[in-house]
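Just below is one structure, and these are the notes that go with it.
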RNA sequence: GUCCCGUUCGUCUAGCCAGGUCUAGGACACAGGGUUUUCAUCCCUGCAACAGGGGUUCGAAUCCCCUACGGGACGCCA
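Numbering (our numbering), first residue to last: 6 to 462.
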């Protein structure tokens, strides 16, 4: 596989849309897969909305997702500058080339690209006006995803505005040429634009890159492509909700691409190894948060302990959890890695480990008191645990077994629910014995003793 | 309105290019069951789709045509 030079060319708008993120991801994956180069180019022609803050959001999002670029802002490269606003001279040169070739003309202060072919005028229903059209030779686009797409451009189009600013179509093509881009991987919404781009490539005497138009991401409900506004449509939303960057990456990769072998959970390296343009889907995809949540959960489970701990720290700190006892916090978190479904729920999930004033879940309490004599069981288990000197999972297991045996029971199950509830206030959580072991003898006994006074009756 | 792209379970998708092995496979979700101290995990089972019509063929989810529906483009936005 030859090394590809691909680019992600966003226009900073102040947010980082998931659709853009997926386009960036596919480009990044393809560059990595082929051992090629991933270029980040900022399309900031036009506009006051292209602020420094908007660019920061984008770069931060890219870095959070782990999509590092080989050339572009802040890292440089041999094909710069990588901001379109700084490439005026390059565009000027190419516009002159078009004039020289008789493929550009001025009208109303703007520069138009001149199509070749027979001209005629026609009433246009869309523009509600009589317009000039050209019968051009149709362009044949060889798209890796869609096969051959044949389409003819029928109107001359603006390449430089009357204010002197070059237009997207022109700068996009000129940059792709001058930056040596080999593969253009972008959203299907650009497919119709591609005929314009092909005209420009040809008029400038440059070979066409390989095109791959990837499907759109549609709203999970309702019509149309994924909206630009709202919660859950931007990368920042998922960062704020403490999703794993790789969880989002894995999910996004599956939206419009698959590995053909039923594998859905990938490490970053597996994704790079398996990603291929031919696995890209033609049909549009609908965004499904439930599947995202599932993949995120699975990726939490697969995290190496160190990475898991590192990711947890900021989540708990921002929730105000006191983690001054590092070794203890670490034990608590490792207890939870296989139980928790998202990092977001972690602070609530571990609250009782760090706060003696934890609350009691009323539903679980009702269930507990509905059957048997929990207070009697509590007295028994309290006495049994008080005798444990060497407080660890093994000796605790033994203490429970002895307790069962001395009461003529096979297993100590009837003491478990009340134990869990009095020390944690919940009906669920990490495995009981390891949990008691981590909490420590003193905490456990104190909580058991205070339970009758603290439990709201 | 014109042009382009698409259409397999509710959702993401495999299969389609090289027609038979497809009573259409996997995953999420959902439902039921089992394991379990746990509304967690795990395991099992179930539910559920080739948009419609025509053609080609011994045979079509797979090839061709039409229709319908969905998406996109048609900006001196990108």
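Heads up, the beta-carbon is just placed ideally off N, CA and C, and yes, glycines get one too.
The structure displayed is predicted, hence computed values, not measured ones.
Please report how far the alpha carbon of residue i lies from the alpha carbon of residue j, in whole angstroms.
| i | j | result |
| --- | --- | --- |
| residue 352 | residue 428 | 17 angstroms |
| residue 56 | residue 76 | 21 angstroms |
| residue 189 | residue 85 | 18 angstroms |
| residue 169 | residue 205 | 19 angstroms |
| residue 217 | residue 317 | 38 angstroms |
| residue 284 | residue 265 | 7 angstroms |
| residue 184 | residue 333 | 53 angstroms |
| residue 450 | residue 389 | 11 angstroms |
| residue 319 | residue 327 | 12 angstroms |
| residue 64 | residue 308 | 25 angstroms |
| residue 104 | residue 233 | 38 angstroms |
| residue 137 | residue 122 | 12 angstroms |
| residue 182 | residue 291 | 34 angstroms |
| residue 325 | residue 175 | 52 angstroms |
| residue 167 | residue 82 | 32 angstroms |
| residue 236 | residue 242 | 7 angstroms |
| residue 363 | residue 19 | 40 angstroms |
| residue 60 | residue 36 | 22 angstroms |
| residue 45 | residue 432 | 50 angstroms |
| residue 280 | residue 258 | 9 angstroms |
| residue 146 | residue 211 | 15 angstroms |
| residue 135 | residue 157 | 19 angstroms |
| residue 229 | residue 238 | 14 angstroms |
| residue 338 | residue 376 | 32 angstroms |
Considering Cα atoms alone, identify which of the options is closest to residue i.
| i | options | result |
| --- | --- | --- |
| residue 91 | 235, 49 and 331 | 49 |
| residue 350 | 129, 171 and 248 | 248 |
| residue 365 | 455, 376, 445 and 47 | 455 |
| residue 159 | 119, 396 and 134 | 119 |
| residue 302 | 329, 138 and 344 | 344 |
| residue 179 | 256, 100 and 199 | 100 |
| residue 420 | 115, 94, 295 and 385 | 385 |
| residue 197 | 79, 148, 315 and 134 | 148 |
| residue 282 | 392, 15, 67 and 262 | 262 |
Just confirm the distance between the C-beta atoms of residue i and residue j, as a whole number of angstroms; I'd bet it's less than 8 angstroms.
| i | j | result |
| --- | --- | --- |
| residue 287 | residue 151 | 6 angstroms |
| residue 194 | residue 231 | Going by Cβ atoms, the distance from residue 194 to residue 231 rounds to 11 angstroms, so no, they are not a contact pair. |
| residue 47 | residue 21 | About 13 angstroms separates the two Cβ atoms, so there is no contact after all. |
| residue 28 | residue 7 | So it is not a contact: roughly 22 angstroms between Cβ atoms. |
| residue 69 | residue 250 | 5 angstroms |
Need the endpoints of the alpha helix (DSSP H) that residue i sits in, please.
| i | result |
| --- | --- |
| residue 304 | 294-307 |
| residue 136 | It is not in any alpha helix (DSSP H) - residue 136 instead sits in the beta strand (DSSP E) that spans 134-140. |
| residue 410 | 398-411 |
| residue 224 | Per DSSP, residue 224 belongs to no alpha helix (DSSP H) and is neither H nor E. |
| residue 10 | Looking at the DSSP string, residue 10 is not in any alpha helix (DSSP H); the run it does join, the beta strand (DSSP E), is 10-13. |
| residue 45 | Segment 42-45 is the beta strand (DSSP E) holding residue 45; no alpha helix (DSSP H) there. |
| residue 277 | 273-279 |
| residue 336 | 331-341 |
| residue 207 | 199-208 |
| residue 20 | Segment: none, residue 20 is in no alpha helix (DSSP H) and carries neither H nor E. |
Which residues bound the beta strand (DSSP E) around residue i?
| i | result |
| --- | --- |
| residue 112 | 109-112 |
| residue 163 | 162-165 |
| residue 147 | 144-148 |
Segment contact flag, the stretch 268-278 with the stretch 197-214, C-beta cutoff 8 angstroms, min 3 pairs: no
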